[in-house]
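Number of protein chains: 2
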Amino acid sequence: MSKLTCQISVSLDGYVAGPSQGPDDPLGEGGMRLHEWLFAGEGPELQVGIKSCGAFIMGRNMFGPGRGAWDQSWHGWWGGNPYHQPVFVLTHHERETLPVDGDAPFHFVTTGIESALEQARAVAGDRDVMVAGGAETVRQYLAAGLLDELLLTVTPVLLGKGEQLLVDVGDPTFEQVETIVSPSVTHLRYRVTY
Amino acid sequence: MSKLTCQISVSLDGYVAGPSQGPDDPLGEGGMRLHEWLFAGEGPELQVGIKSCGAFIMGRNMFGPGRGAWDQSWHGWWGGNPYHQPVFVLTHHERETLPVDGDAPFHFVTTGIESALEQARAVAGDRDVMVAGGAETVRQYLAAGLLDELLLTVTPVLLGKGEQLLVDVGDPTFEQVETIVSPSVTHLRYRVTY
Numbered sequence: 058m059s060k061l062t063c064q065i066s067v068s069l070d071g072y073v074a075g076p077s078q079g080p081d082d083p084l085g086e087g088g089m090r091l092h093e094w095l096f097a098g099e100g101p102e103l104q105v106g107i108k109s110c111g112a113f114i115m116g117r118n119m120f121g122p123g124r125g126a127w128d129q130s131w132h133g134w135w136g137g138n139p140y141h142q143p144v145f146v147l148t149h150h151e152r153e154t155l156p157v158d159g160d161a162p163f164h165f166v167t168t169g170i171e172s173a174l175e176q177a178r179a180v181a182g183d184r185d186v187m188v189a190g191g192a193e194t195v196r197q198y199l200a201a202g203l204l205d206e207l208l209l210t211v212t213p214v215l216l217g218k219g220e221q222l223l224v225d226v227g228d229p230t231f232e233q234v235e236t237i238v239s240p241s242v243t244h245l246r247y248r249v250t251y
Numbered sequence: 058m059s060k061l062t063c064q065i066s067v068s069l070d071g072y073v074a075g076p077s078q079g080p081d082d083p084l085g086e087g088g089m090r091l092h093e094w095l096f097a098g099e100g101p102e103l104q105v106g107i108k109s110c111g112a113f114i115m116g117r118n119m120f121g122p123g124r125g126a127w128d129q130s131w132h133g134w135w136g137g138n139p140y141h142q143p144v145f146v147l148t149h150h151e152r153e154t155l156p157v158d159g160d161a162p163f164h165f166v167t168t169g170i171e172s173a174l175e176q177a178r179a180v181a182g183d184r185d186v187m188v189a190g191g192a193e194t195v196r197q198y199l200a201a202g203l204l205d206e207l208l209l210t211v212t213p214v215l216l217g218k219g220e221q222l223l224v225d226v227g228d229p230t231f232e233q234v235e236t237i238v239s240p241s242v243t244h245l246r247y248r249v250t251y
């Protein structure tokens, strides 16, 4: 079976987003600093790995700032599908599949994380499935013993507060399997077992 | 002027020691797991760097479990001086310099972190000075803008609670300058500016 993997940028003090996330500041105060390495074009081999995944899973809070019943006019932050593969959005509110012009669609899953994983694996085939984020979704997959690999991009910033990644995730075992060095950050790949 | 540096092992969730530190468990519950890489002989180039330092600074809580007036019979956890260079122990309680048979002594400094650094630099000469730990001492040197370099050994364990390293340290800027990969851990060297 293919792997369930996750790549996420984390601050030196363990945050994956800053405080006060909202429509005008989706990554929270200072959170964009976690992703500067990406916009600088660092870690191309990492991009290849991400692009090789066959489906993605994300939490609703990563897909958009709305809560409760869907605003049908919201099509995500990106003006398209940045992953170019089917994305499964975890939500408590039903919504029809959202097609994307010339690209893979967003599906909305109200039946839980295991069901989302099953659907994602069905479309990914032999390819890996990636949890795109955010923190709460990664935590849920870790706590449920479902994540096979975690690729942490350690970013040399301190955020001081915000969304912490590795809290309340049970007691998984991490084994370092690869380290990828970029100019400004380091990517640490861990095999996760339970 | 030589650098003030610090090498410290940190868990994936940001702790440098586990909870409930005490005489029988100096690193706290699970804290020994942060140092298994060292006992496994990993990171020999790191050991060379540590051995090249000319003096070390540590907090009293790293030197021993006692608080208040000194128990003169306490000579440290190690049965000697593990750093083989003069060690300056920060304390609020005066104590005479403690000689170590055939090795460098422990000095006790009651006049604060800047004074300890000055004394350490005086004996280190051209060589770097290292903050040996623990967390509170590292935090104080960071918050005071005195630490020039931080070498974090990212260790794939979760501790869940204990002593966090990078909280309440102000807003220093970290720049990744070197990554050293060991079999089970990765060492991230950052230049710190303020």
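Going down the list, the sequences are from chains A and B.
Those letters in the first sequence? Residues 58 to 251, per this note's numbering, in order.
Those letters in the second sequence? Residues 58 to 251, per this note's numbering, in order.
Glycine included, every Cβ here is placed at the ideal spot set by N, Cα and C.
No experiment lies behind these values; they were computed from the predicted model shown.
List the residues of chain B whose Cβ lies closer than 7 Å to the Cβ of residue i, in chain order.
i                : result
Tyr247 (chain A) : Pro213
Thr250 (chain A) : Simply none; closest approach about 11 Å.
Glu232 (chain A) : Pro213
Using a Cβ cut-off of 8 Å, pull out every chain A residue sitting near residue i, in sequence order please.
i                : result
Ser130 (chain B) : Simply none; closest approach about 39 Å.
Ser241 (chain B) : Glu232, Gln233
Thr236 (chain B) : Thr236, Val238, Thr243
Anything in chain A within Cβ reach of residue i, meaning under 9 Å, just list it in chain order.
i                : result
Gly71 (chain B)  : Leu69, Asp70, Gly71, Gln221, Leu223
Asp228 (chain B) : Leu215, Gly217
How far does the beta strand (DSSP E) with residue i in it reach, from first residue to last?
i                : result
Thr62 (chain A)  : 61 to 68
Pro143 (chain B) : Careful: Pro143 (chain B) lies outside any beta strand (DSSP E) and carries neither H nor E.
Pro162 (chain B) : 160 to 166
Pro156 (chain B) : 155 to 157
DSSP three-state call for residue i: helix, strand or coil?
i                : result
Val180 (chain B) : helix
Gln233 (chain A) : strand
Val238 (chain B) : strand
Arg246 (chain B) : strand
Gln221 (chain B) : strand
Glu206 (chain A) : strand
Ala74 (chain A)  : strand
Leu174 (chain B) : helix
Asp185 (chain A) : coil
Val211 (chain B) : strand
Ala112 (chain B) : strand
Do you know how far the Cα of residue j is from the Cα of residue i?
i                : j                : result
Val226 (chain A) : His164 (chain B) : 43 Å
Gly88 (chain A)  : Gly136 (chain B) : 46 Å
Leu245 (chain B) : Pro139 (chain B) : 23 Å
Thr148 (chain A) : Pro83 (chain A)  : 18 Å
Arg124 (chain A) : Leu216 (chain A) : 25 Å
Val211 (chain B) : Gln78 (chain A)  : 28 Å
Glu93 (chain B)  : Pro122 (chain B) : 22 Å
Val188 (chain A) : Ile65 (chain B)  : 31 Å
Val180 (chain B) : Cys63 (chain B)  : 17 Å
Gly85 (chain A)  : Pro162 (chain B) : 49 Å
Ile170 (chain B) : Leu199 (chain A) : 41 Å
Asp81 (chain B)  : Asn118 (chain B) : 14 Å
Asp205 (chain B) : Gly106 (chain B) : 15 Å
Gly116 (chain A) : Val186 (chain B) : 46 Å
Phe120 (chain B) : Val146 (chain B) : 7 Å
Leu91 (chain A)  : Arg248 (chain B) : 18 Å
Tyr251 (chain B) : Phe231 (chain B) : 9 Å
From what residue to what residue does the alpha helix (DSSP H) around residue i run?
i                : result
Leu103 (chain B) : 101 to 108
Val195 (chain A) : 192 to 200
Leu84 (chain B)  : Careful: Leu84 (chain B) lies outside any alpha helix (DSSP H) and carries neither H nor E.
Leu95 (chain A)  : 93 to 96
Met119 (chain A) : 117 to 120
Any heavy atom of the ligand GTP inside 7 Å of the beta-carbon of residue i?
i                : result
Val195 (chain B) : The ligand content of the structure shown is nil, which means the ligand GTP is not present either.
Notebook entry, point to check: How do the segment 185 to 194 of chain B and the segment 233 to 241 of chain A stand: do at least 3 beta-carbon pairs fall below 8 Å, yes or no?
Noted result: no
Check: Taking contact to mean at least 3 C-beta pairs separated by less than 8 Å, is the segment 130 to 138 of chain B in contact with the segment 104 to 111 of chain B?
Finding: no
Next item on the list: Decide yes or no for the touch test of the segment 219 to 235 of chain A against the segment 155 to 164 of chain B: beta carbon pairs closer than 8 Å, at least 3 of them.
Entry: no
Check: Would you say the segment 87 to 102 of chain A touches the segment 166 to 183 of chain A, given that touching needs at least three Cβ pairs under 8 Å?
Finding: no
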